[in-house]
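Working notes for the structure below.
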Amino acid sequence: MVRLHVKKGDDSQFLYDTDVEANVDDVISDIVVIYNGRLKISRICYEIEELAKHGVMLPPDIMGLTDDQVEELKLKDVWVDKCVPMGGWTFNKDKIGRRNGRQPNEKMQEVLNKTIEDARTMTSKKLVQQEKLVTQKTVQEALDLLRGAVTIVYPMGLPPHDVIRKEFENTEDLTGTQASLEVIDMQLAQLWFSGKELLPGKKMKDFVGNNEKTKVIVKLQKRGSGKPAREPLMSEDERKQLMLHAYRRQEQLKVSVLLYNISMNISDESFTIRYVHFSNNC
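1 is the number of the first residue of the sequence shown in the UniProt record's numbering; add one for each residue after it.
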């Protein structure tokens, strides 16, 4: 099994297993789905944190308006009494005016926040250091956990304009957002290894060789971004260890030289004493 350490720039993303006979097209497709899926989970987790604090989103025509403006324009949130959290709510005003301020009770907040923590752990970049994979199945399980938690807290569902619901239904509109710059279009995705692009239509063995027990670093990026920087000969940790070893060696040499000089001084003094003693006897 060939293990790919997937990076975006210099930032580790996740580990992915394939084999030398796999088609490059399939590998790129899988990796892009996982990469974009992790981004989706990150966005949903952030919004559920806001949901736990301030309740569901306000309709677009009310969002950002003050209470006086809403009253003056005679606007009404028709979803406010339909989408209520299980167990009741307390008012916690959203200062930026995105959500209606109806915060779920502490028990329901705990359900949401615990699930957020679990979903993030399942897809964390730290799994690379633990030699654990992130697969499409992992991403789907994390999404299912988040969807289940929201359903528990809001059994009547979220309003159709809430971004969490849109994310679950894959109808989110990221146009004009920072998130849109992070998502990679399948048709524009490239995978690079050792300064070479893994070309569609080829097999993995054409780039990584025939050894199934191989671990390599590949870099994911959008077409047109240019050739990614090659990996350094040693990692930052390895460089620090090398510098530490060199420092210790230097200190050992200093001690050795000092001890040698001391021993030479002692020898010189001993010789002088013996010489003087011999001269006096003569």
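Virtual Cβ for every residue (Gly too), placed ideally from N, Cα, C.
Asked	Found
Whole-angstrom C-beta distance between M156 and K82, which should lie under 8 Å	6 Å
Three-way DSSP call (helix, strand, coil) for E212 in this model	coil
Cβ pair L112, I48 closer than 8 Å	yes
Alpha carbon of Q136 to alpha carbon of E251, nearest angstrom	51 Å
Within the stretch 138-224, ranges of the beta strand (DSSP E) (whole runs, at least 3 residues)	189-193, 215-222
Burial state of P159 (16 or more Cβ within 10 Å)	buried
Contact test: M243 Cβ vs the ligand ATP heavy atom, cutoff 7 Å	As for the ligand ATP, it is missing from this structure, which has no ligand bound.
Segment limits, alpha helix (DSSP H) that includes W27	Inspection of the sequence shows that residue 27 is occupied by Val rather than by Trp. First-last of the alpha helix (DSSP H) with V27: 24-54.
Any 3 or more C-beta pairs closer than 8 Å across the stretch 8-17 and the stretch 28-37	yes
Under the three-state DSSP convention, the category S256 falls into	helix
Bridge partners - V15, DSSP secondary structure assignment	Residue identity check: residue 15 is Leu in the sequence provided, not Val. Answer is H5, L133.
Residues near R120 by beta carbon distance below 7 Å, same chain, minus five either side	C45
Collapsed DSSP secondary structure at S263 in the structure displayed	helix
DSSP three-state assignment for M108, whether helix, strand or coil	helix
Rounded straight-line distance, which links the Cα of N92 to that of D144	28 Å
Proximity below 8 Å, CB of K114 to CB of G87	no
Inter-residue CB distance, R99 and H161 (contact presumed, cutoff 8 Å)	Going by Cβ atoms, the distance from R99 to H161 rounds to 11 Å, so no, they are not a contact pair.
Local conformation of R102 per DSSP, three classes	strand
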